[in-house]
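A short write-up of the structure that comes next.
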Amino acid sequence: MINLVYPNLFLFLYDLREGLGEDSQSLTENQKDFAAKLPTNIRSSLFDRDSVFESDYLELLTNGFEDFTDSDKPFEGHYYPVRLNDTYGLLLGCSFQEDRTPHPVTCLAKFQAKIKEKLNNQYPNIGQTWLIVTEMDNPNISPEEVAKKCCQSLNIGLKWERDFQGKGSFLGGSIFELSRYELLMDESTQNAKPRTIQEIQKNIHLIIAVMPSSDAAKIVWEDFNTELLRLFCYRHKVFWAYAQSRYLKQQLKKDFRVINQLVGNIGSQNLKQLRKTVDDAQKISPKYTIKLNYLDAQIRTIEINAINYSRRIGTIGDRLNQIQAQNGQNPIAQILPILSWFQSATATSNPTSTNPTPLLSQLANLQHPYDLKFLEKFSKDVEEKYQLQVQKDYANLSPGSQLLQDLINSSRAITEIEQAERDRNFQNTVGIIGAGLAVGSIVASIEIPTEQNDNFLNPPLDLALSTLHIPGAWLPFAIKITFSLSAALAAGLFTATLIWIGQRRLKK
Numbered sequence: 000m001i002n003l004v005y006p007n008l009f010l011f012l013y014d015l016r017e018g019l020g021e022d023s024q025s026l027t028e029n030q031k032d033f034a035a036k037l038p039t040n041i042r043s044s045l046f047d048r049d050s051v052f053e054s055d056y057l058e059l060l061t062n063g064f065e066d067f068t069d070s071d072k073p074f075e076g077h078y079y080p081v082r083l084n085d086t087y088g089l090l091l092g093c094s095f096q097e098d099r100t101p102h103p104v105t106c107l108a109k110f111q112a113k114i115k116e117k118l119n120n121q122y123p124n125i126g127q128t129w130l131i132v133t134e135m136d137n138p139n140i141s142p143e144e145v146a147k148k149c150c151q152s153l154n155i156g157l158k159w160e161r162d163f164q165g166k167g168s169f170l171g172g173s174i175f176e177l178s179r180y181e182l183l184m185d186e187s188t189q190n191a192k193p194r195t196i197q198e199i200q201k202n203i204h205l206i207i208a209v210m211p212s213s214d215a216a217k218i219v220w221e222d223f224n225t226e227l228l229r230l231f232c233y234r235h236k237v238f239w240a241y242a243q244s245r246y247l248k249q250q251l252k253k254d255f256r257v258i259n260q261l262v263g264n265i266g267s268q269n270l271k272q273l274r275k276t277v278d279d280a281q282k283i284s285p286k287y288t289i290k291l292n293y294l295d296a297q298i299r300t301i302e303i304n305a306i307n308y309s310r311r312i313g314t315i316g317d318r319l320n321q322i323q324a325q326n327g328q329n330p331i332a333q334i335l336p337i338l339s340w341f342q343s344a345t346a347t348s349n350p351t352s353t354n355p356t357p358l359l360s361q362l363a364n365l366q367h368p369y370d371l372k373f374l375e376k377f378s379k380d381v382e383e384k385y386q387l388q389v390q391k392d393y394a395n396l397s398p399g400s401q402l403l404q405d406l407i408n409s410s411r412a413i414t415e416i417e418q419a420e421r422d423r424n425f426q427n428t429v430g431i432i433g434a435g436l437a438v439g440s441i442v443a444s445i446e447i448p449t450e451q452n453d454n455f456l457n458p459p460l461d462l463a464l465s466t467l468h469i470p471g472a473w474l475p476f477a478i479k480i481t482f483s484l485s486a487a488l489a490a491g492l493f494t495a496t497l498i499w500i501g502q503r504r505l506k507k
């Protein structure tokens, strides 16, 4: 049976503080979501110190930590909220009171339940990392076997054989990393925006540190908690940005298909259809450009966080070198805990069955106080996979913006055509009226004889006009006006018919 001495479970979680293009209302909503993960008694003052424009690292609480209450006993724990520039980070730790009592590995599940209870069933919108730090009870059991049991007890969806990423050494102990990342998006999500990051991706991350002594274990969470808060933040920001890029890519591909359709149809469209195409392009263009800019922003986010991740590993290594130099003044202090394990093991176990391999492994770790190469694998994956993929997607989707711009530029030609059409219609109208007036004026200039009024009208016309009660003196003038207007209307109608026939032939 595997027991743990002074086991500790930590949860590092991260929420977005302020995203690109978000306003003050979005900031308030983000702060509200983050505050919901902390006790009610500190929520009102949680952001009193959060008033600077930028801050690489800012403790949000005046005292730094907020401890669990007495009602949580036998569990002990604390909250440690910080601001990491545009991100909020929260470290929760849970353990038993410090003593040398061995605890079964199943205690980790109890710690996990307590932490989830403290979070009020709230989930981070960027990512989270679980960290187990413990001292071994029996040095004859390999650290890897202990780590396997710890992973199994925590039950967060990881399988050792499938998700094991690497192993290293740290202050004489062994450290293991397990992770699982996969996208959850499918084709149906392109018409509905996912509500949470959990609907886009599954991102599970676990670090297990099996230390040779409680002193070494304390150094992990007391001296390195701020470094680990930063390190894990950079990691999760990379995956968060990559997940955002997948959603943006899906939306851009959908728009790109529409753009191709608009461009493909433009050659066979008439003036009315072409005008609608330009209107559609003008509606899509700003949205497409914004999405494309956001996709480019994800490239920058991945790039800068990958760089910061690598630099933070270097900072942790420098700090470990300092600790090694300090302990180098008294090298026996490093060996005593392991010799104590060996003495305990030989006194309580069958000497013939003692396996020296774990002990030799610990002694080897003393010669090489740290090995963090397994963490560097993530930087390589980012460079060769995630960052490269988003860069290629941006390059493939960028031409869509130029295609839209070409369509929009064609609106100038449409405007000129419309203006020419209006001018032509005006000229046609003037021509029709002019033709009518010209003919009418010619007719009006003809002199109608007024002598011999008795013979001026034939009987039928005389009878018709007499019914209108027109005075005889006005008849010549009335007849002239009637003939003039009739001729003008006939000439205008004839001119309009000729223009209409000509335009029909031009359109064909």
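Residues 0 to 507 (numbering that gives the first Met the number 0) are what the sequence shown spells out, left to right.
Note that the Cβ used here is the ideal one computed from N, Cα and C, for glycine as well.
Using only the alpha-carbon positions, how far apart do residue i and residue j sit?
i           : j           : result
residue 370 : residue 207 : 14 Å
residue 146 : residue 257 : 52 Å
residue 77  : residue 131 : 15 Å
residue 12  : residue 51  : 22 Å
residue 54  : residue 225 : 14 Å
residue 385 : residue 307 : 16 Å
residue 91  : residue 10  : 5 Å
residue 199 : residue 240 : 11 Å
residue 222 : residue 248 : 41 Å
residue 93  : residue 195 : 27 Å
residue 65  : residue 79  : 7 Å
residue 83  : residue 396 : 32 Å
residue 108 : residue 149 : 9 Å
residue 314 : residue 63  : 22 Å
residue 489 : residue 496 : 11 Å
residue 8   : residue 111 : 7 Å
residue 35  : residue 286 : 33 Å
residue 186 : residue 152 : 35 Å
Buried or exposed: where does residue i fall if 16 or more other Cβ atoms within 10 Å of its Cβ makes it buried?
i           : result
residue 142 : buried
residue 319 : buried
residue 289 : exposed
residue 19  : exposed
residue 324 : exposed
residue 176 : buried
residue 113 : buried
residue 39  : exposed
residue 44  : exposed
residue 68  : exposed
residue 172 : buried
residue 56  : exposed
residue 392 : buried
residue 99  : exposed
residue 37  : buried
residue 310 : exposed
residue 61  : exposed
Mapping DSSP to helix, strand and coil, what is residue i?
i           : result
residue 378 : helix
residue 33  : helix
residue 176 : strand
residue 13  : strand
residue 163 : strand
residue 300 : helix
residue 252 : helix
residue 151 : helix
residue 104 : coil
residue 4   : strand
residue 496 : helix
residue 168 : strand
residue 53  : coil
residue 58  : strand
residue 393 : helix
residue 369 : strand
residue 229 : helix
Is the beta carbon of residue j closer than 7 Å to that of residue i?
i           : j           : result
residue 179 : residue 203 : yes
residue 174 : residue 104 : no
residue 144 : residue 216 : no
residue 390 : residue 298 : yes
residue 6   : residue 106 : yes
residue 85  : residue 161 : no
residue 118 : residue 157 : no
residue 24  : residue 46  : no
residue 304 : residue 233 : yes
residue 235 : residue 126 : yes
Tell me, please, which residues DSSP counts as bridged to residue i.
i           : result
residue 78  : 65 and 91
residue 209 : 133 and 173
residue 204 : 178
residue 511 : What is shown of the chain runs 0 to 507, which leaves residue 511 out entirely.
residue 85  : Residue 85 pairs with nothing; no bridge assigned.
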